[in-house]
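Colleague: Here's a structure for you.
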Amino acid sequence: MFLFYIKNCTPRKYIIKQSTTYSSEQKHIPNISTNKIEFIQVNKMWRIKKTLLEDACLSAQNYYPKEFACLIGGDAKNKTVKEIIFIPSETSENSVSFLESSLPFDETIIGSLHSHPNASYRPSTQDTHFFRKYLINIILGYPYNPLNTGFYDENGKRIINVLIE
Ligand SMILES: [Zn+2]
């Protein structure tokens, strides 16, 4: 499957069946020249199940107004988020911390997730330091739904192409 977006526009994502070739005559695709279209293979994108993200949002709601945090397990090679891993943490209204010794060493742990009760899903300076440990880092901004969620790489750079399926 392929996904494309139109450069310099608000990203709009379309999944096209593998056998489908692009045609400017297709009704649901804007009639624009092909040099403005960039094709991205879906298997190079991060993928996360919608239900998993919704579960994380529910947990964040239960912790509100404190922050919620957990780790993420998955498959780094295939860029797939597979599970939420709950580990002991200290939470307050503006911070969350893990005991370094409680962090499991496991190569299937590829990411982190935490909530921001102040609605912003931008990472703080401390967040970006923490993010260096992991390939994918998710911030849920209040009121915690997939639309108010930010995805970041280990450098704190926003990951735009995430397939929530
Ligand atoms: Zn944060």
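Per the numbering used here: the sequence shown ends with 247, consecutive numbering throughout. Here a beta-carbon is modelled for each residue, glycine too, at the ideal position from N, C-alpha and C. As the structure is a computational prediction, the values presented were derived from the model and not from experiment.
Could you give the residue range of the beta strand (DSSP E) that holds T157?
Modeller: Reading off the sequence, residue 157 comes out as Asp, not Thr. It spans A151 to D157 - the beta strand (DSSP E) in which D157 sits, taken as one unbroken run.
Colleague: Mind checking T116: buried by the 16 CB within 10 Å criterion, or exposed?
Modeller: Caution is warranted here: a pLDDT of 49 is assigned to T116, below 50, making its placement in the model unreliable, and the coordinate value is therefore given only provisionally. So T116 counts as exposed.
Colleague: Is any heavy atom in ligand 1 found nearer than 8 Å to the beta carbon of I221?
Modeller: Answer for I221: yes, Cβ within range of ligand 1.
Colleague: Less than 9 Å between the C-beta atoms of D157 and T190, yes or no?
Modeller: Taking 9 Å as the Cβ cut-off, D157 and T190 qualify as a contacting pair.
Colleague: Between D235, I130, N144 and E149, which has its C-alpha nearest S202's C-alpha?
Modeller: Nearest option by C-alpha distance: E149.
Colleague: Would you say the beta carbon of P147 comes nearer than 8 Å to a heavy atom of ligand 1?
Modeller: P147: no, Cβ never under 8 Å from ligand 1.
Colleague: Could you tell me whether the Cβ atoms of K51 and N243 are closer together than 9 Å?
Modeller: With the chain running from 83 to 247 in the structure shown, residue 51 is simply not present.
Colleague: Sorry if obvious, but does the Cβ on D209 come closer than 8 Å to a heavy atom of ligand 1?
Modeller: Result yes, Cβ under 8 Å from ligand 1.
Colleague: Let me know if P205 comes out buried or exposed under the rule of 16 or more other beta-carbons within 10 Å of its beta-carbon.
Modeller: When all chains shown are included, P205 counts as buried.
Colleague: Examine ligand 1 and report whether any of its heavy atoms sits within less than 8 Å of the Cβ of S141.
Modeller: Flag unset: Cβ of S141 not near ligand 1.
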